[in-house]
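*Asks:*
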Amino acid sequence: MAQNAAPDTRTRVFNAESFTLANGMTVVVIPNHRVPVITHMVWYRVGAADEPVGKSGIAHFLEHLMFKGTDTMKPGEFSKVIRGLGGNDNAFTSQDYTAYFQSISVEHLEKVMTMEASRMRGLNPPLAEVDSERQVILEERRQRIENDPRAYMAEQMRYALFPNHPYGTPNIGWASEMAELSWDDAKAMYDTWYAPNNAILVVAGDVKMETFKPLAEKIYGGLVPEDVPERQWR
Numbered sequence: 000m001a002q003n004a005a006p007d008t009r010t011r012v013f014n015a016e017s018f019t020l021a022n023g024m025t026v027v028v029i030p031n032h033r034v035p036v037i038t039h040m041v042w043y044r045v046g047a048a049d050e051p052v053g054k055s056g057i058a059h060f061l062e063h064l065m066f067k068g069t070d071t072m073k074p075g076e077f078s079k080v081i082r083g084l085g086g087n088d089n090a091f092t093s094q095d096y097t098a099y100f101q102s103i104s105v106e107h108l109e110k111v112m113t114m115e116a117s118r119m120r121g122l123n124p125p126l127a128e129v130d131s132e133r134q135v136i137l138e139e140r141r142q143r144i145e146n147d148p149r150a151y152m153a154e155q156m157r158y159a160l161f162p163n164h165p166y167g168t169p170n171i172g173w174a175s176e177m178a179e180l181s182w183d184d185a186k187a188m189y190d191t192w193y194a195p196n197n198a199i200l201v202v203a204g205d206v207k208m209e210t211f212k213p214l215a216e217k218i219y220g221g222l223v224p225e226d227v228p229e230r231q232w233r
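Letter 180 of the sequence shown, counting from 1, is numbered 179 in numbering that gives the first Met the number 0, and no numbers are missing.
(1) Mind checking if V27 is an interface residue toward chain C, Cβ cutoff 8 Å exclusive?
(2) In the DSSP assignment, the alpha helix (DSSP H) including A215 goes from what residue to what residue?
(3) Mind checking who I29 pairs with in its DSSP beta bridge?
(4) Taking 7 Å as the limit between beta carbons, can you name the residues of its chain near K212, skipping five residues before and five after?
(5) Can you tell me the Cα-Cα spacing of A127 and K54, whole angstroms?
(6) Can you tell me whether F13 is buried or exposed? The criterion is at least 16 other CB atoms within 10 Å of its CB, across all chains shown.
(7) Whose CA, out of N146, R44, N170, lies closest to the CA of E230?
(8) Answer with buried or exposed for T97, where buried requires no fewer than 16 other C-beta atoms within 10 angstroms of its C-beta.
(9) On the premise that K67 lies in contact with E139, defined as a C-beta separation below 8 Å, what is that separation, rounded to the nearest angstrom?
(10) On the DSSP letters alone, give me the boundaries of the beta strand (DSSP E) that V41 sits inside.
(11) Roughly how many whole angstroms lie between the Cα atoms of V305 and G86?
(12) Spatial neighbours of M0 within its chain, please: C-beta separation below 8 Å, excluding the five flanking residues on both sides.
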């Protein structure tokens, strides 16, 4: 006798709610009131697989540059402010997406949102920071890939598995191409893909939809959407 399927309890457990801003930005709210803390994340629908041929590593390079200054913030100020408020922040790049996150006391949520919104469309790092960060990602590759036999083997295996697909290119990039990456390369990817209508905002923690939605509309709703191209590799 066929058994009845077990009910899907994931939605009930996480109690996630979502809405879309007028500019196309998707917003997901996951309330959890056990402690007065929130995690605020912005996910962009762009990753290493979307890089132009010959520009491998540019998605990860741009991720680093997002911490190096905007029209309203100095290089390094973003993370310095977060740490000063008792929080932590970081980012990561995959083949399919790039994400930025902060975990902090809920009382600082509006500040964090304002800062994140400022670098969604106002990234402006000094060229000296660009040159310095290029060396940082090259050193990161040496440490994580070239000096780690298992990681190096995994990279070669992936290249062999996907010889004619962007998934065959490592997220961090090929060293020879990384060394030639410029601000113009990063800016081109930023201008093309970093837009509210290509982003998903996720906030989990001590928040309520009735108070958070107006805040999201106030801070992120004014960002101008862009004509984001279709992802060619899909």
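C-beta atoms are modelled at their ideal positions from N, C-alpha and C, and glycine is treated no differently.
*Replies:* Reading from the atomic positions:
(1) Of the protein chains in the structure, only one exists, and it is not chain C.
(2) 208-218
(3) A203, per the DSSP bridge assignment.
(4) F18
(5) The alpha-carbon atoms of A127 and K54 are separated by roughly 20 Å.
(6) exposed
(7) In the sequence as presented, Glu is not what sits at residue 230; that position holds Arg. Closest option to R230, judged by alpha-carbon separation, among N146, R44, N170: R44.
(8) buried
(9) Actually they do not touch by this definition, with Cβ atoms about 15 Å apart.
(10) 36-43
(11) Nothing about residue 305 can be read from this structure; the chain reaches only from 0 to 233.
(12) With a pLDDT of 45 at M0, under the threshold of 50, the predicted position of this residue should be treated as unreliable, though the coordinate-derived value follows. If we look at M0 and ignore the five residues flanking it on each side, it has no Cβ neighbours.
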